[in-house]
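In this note's numbering, the protein residues as written are 352 to 561. Ideal placement from N, C-alpha and C gives every residue a C-beta, glycine not left out. One structure below.
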């Protein structure tokens, strides 16, 4: 999955990466260093990954991406590389969305009449949500600056280290910073958390992505 993600991003012309490792970090570092020597990779080790969440891993990248355009990629997604290309075409901050029947576990998205996100969480209304966040976001430089300003407060002052980073996205909405939804339902994507997810992905993945 990591190789597929890197291949998709390098094929789209991205040549600088920030990778936050935790479990088996040395294995990840060795693999990427050997296979992607032609790009720049900054490695950060989230040594206490067992006791914090992805909000902390994102905050760790601040010295490299604060105030810059960047793509944020979850590491547990199997997806069509064309999603990266579609996201990079967006001039503003954007979030990839998959429309399907929703349940309790998905990160769900509610939007306003202009297509801007007004709520994003696992707990928001299933009836009002239009789909699930794929786990790929494009940050503009302005959004990035605001995001890390909020993360500084959440991590350093409020010690909110064990939550999902989507909470920071929600807190930015009343401040005037939100994502445009990019519908990527026509491209394959699936989150892999369990063996059942893996087996389901093997059944659903298009032959072109084998």
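In the three-state scheme derived from DSSP, where H, G and I count as helix and E and B as strand, residue 473 is classed as coil. DSSP lists 447 as the beta-bridge partner residues of residue 533.
Between the alpha carbons of residue 476 and residue 429 lies a distance of about 26 Å.
Here residue 386 is not bridged, per DSSP, to any residue. Short of 6 Å from the beta carbon of residue 468, and not among the five residues preceding or following it, lie these beta carbons of its own chain, in chain order: 460, 462, 529, 530. When C-beta atoms of the segment 406-423 are compared with those of the segment 531-547, fewer than three pairs fall below 8 Å, so the two segments do not count as touching.
For the pair residue 491 and residue 356, the Cα-to-Cα distance works out to about 21 Å. At the C-beta level, residue 393 and residue 369 come within 8 Å of one another.
Taking all protein chains in view, the Cβ of residue 504 is surrounded by fewer than 16 other Cβ atoms within 10 Å, so the residue is classified as exposed. Contact between residue 423 and residue 501 does not hold, since their C-beta atoms are separated by about 14 Å, which reaches or exceeds 8 Å.
Note on residue 378: under 16 other CB atoms within 10 angstroms of its CB, so exposed under the neighbour-count rule. Counting other Cβ atoms within 10 Å of its Cβ, residue 371 reaches 16 or more and is therefore classed as buried.
For a cut-off of 8 Å, the C-beta gap from residue 427 to residue 354 is around 14 Å, too long to register as a contact.
Per DSSP, residue 358 is not a residue of any beta strand (DSSP E); the alpha helix (DSSP H) it occupies stretches across 353-362. Per DSSP, residue 438 is one residue of the alpha helix (DSSP H) stretching across 433-439. Under the 10 Å beta carbon count, residue 561 is surrounded by fewer than 16 other beta carbons and is classified as exposed. When the beta-carbon positions are compared, residue 450 and residue 486 stay at least 8 Å from each other.
Where residue 487 is concerned, there is no enclosing alpha helix (DSSP H), although the beta strand (DSSP E) around it starts and stops at 482-490. For residue 414, the enclosing alpha helix (DSSP H) starts and ends at 413-416. A distance of 8 Å or more separates the beta carbons of residue 436 and residue 497.
Distance between residue 359 and residue 366, taken at the CA atoms: about 11 Å. Excluding its 5 nearest sequence neighbours in each direction, residue 415 has C-beta neighbours in its own chain below 7 Å: 369, 393, listed in chain order.
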